[in-house]
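The next block holds one structure in the form of structure tokens; read it before the comments.
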Amino acid sequence: MENNLELEESEHLVASFIGHTQVKKSTIAKSALLNLICPIAGICNRYKLTITNKNLYIEQLSYVVWGGLYDTVHTDKFDLDDIKIFDVTMTEDNQELIKIVSVKGKELELINSNSKNTNIASEISKILNKH
């Protein structure tokens with residue numbers, strides 16, 4: 102049930118992928134306890150990154166228990182000039198560790214499982230670092 106991202110009139114899609122953040126075991130335990138009280142509580146650690154010719158969109162996704170789908174909780178939009186750092190490091194098991202920092206200091210670290218060996222985050226990094 103992800104919402105369709107509305108692009109500006111002169112924007113076109115360059116790339117898009119879904120990544121996740123590292124979740125601590127203590128956070129999982131707290132969420133499990135919360136689910137005993139309120140069965141709709143969950144962890145929002147899934148993100149969809151979309152890059153266009155003008156902007157980087159970061160959508161925070163949450164699993165909807167009742168429908169069994171993901172829904173967009175929040176969307177951040179960054180002009181490509183506002184991305185200070187977009188670094189990608191490959192792990193031994195071929196995952197991409199991504200660090201994003203905006204010029205205003207907003208920071209996010211994500212993991213792309215890279216299960217299809219596309220190295221999409223690395224390709225996005227090349228585009229952003231040229232910009």
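Under my numbering, think of the first position of the sequence shown as 102, with each following residue one higher. Each residue gets a CB set at the ideal place from its N, CA and C atoms; glycine is no exception. None of the values given here were measured: they were computed from a predicted structure.
Here's a check: name, in chain order, each residue in its chain whose Cβ is nearer than 6 Å to the Cβ of residue i, leaving out the five neighbours to either side.
i             : result
histidine 253 : Outside the displayed span of the chain (102 to 232) sits residue 253, for which this structure offers no information.
aspartate 183 : Ser203, Val204
Looking at the secondary structure, which residues open and close the beta strand (DSSP E) in which residue i lies?
i             : result
histidine 113 : Element bounds for histidine 113: n/a, residue is neither H nor E.
lysine 149    : 147-153
aspartate 188 : 184-191
With a CB to CB cut of under 7 Å and the five nearest residues on each side skipped, what residues in its chain are close to residue i?
i                 : result
lysine 200        : Ile186, Asp188, Glu210
alanine 116       : Ile152, Ile221, Glu224, Ile225
glutamine 196     : Ile212, Asn213, Ser214, Asn215
phenylalanine 179 : Asn156, Leu157, Ser203
Three-state secondary structure (DSSP) at residue i?
i              : result
glutamate 224  : helix
asparagine 156 : strand
asparagine 230 : helix
leucine 211    : strand
asparagine 105 : coil
Find the nearest neighbour of residue i within the set the options, judged by alpha-carbon distance.
i             : options                : result
glutamate 193 : Phe179, Asn215, Leu181 : Asn215
Less than 7 Å between the CB of residue i and some heavy atom of the ligand GDP, yes or no?
i             : result
aspartate 183 : For the ligand GDP, the structure offers nothing, since it holds no ligand at all.
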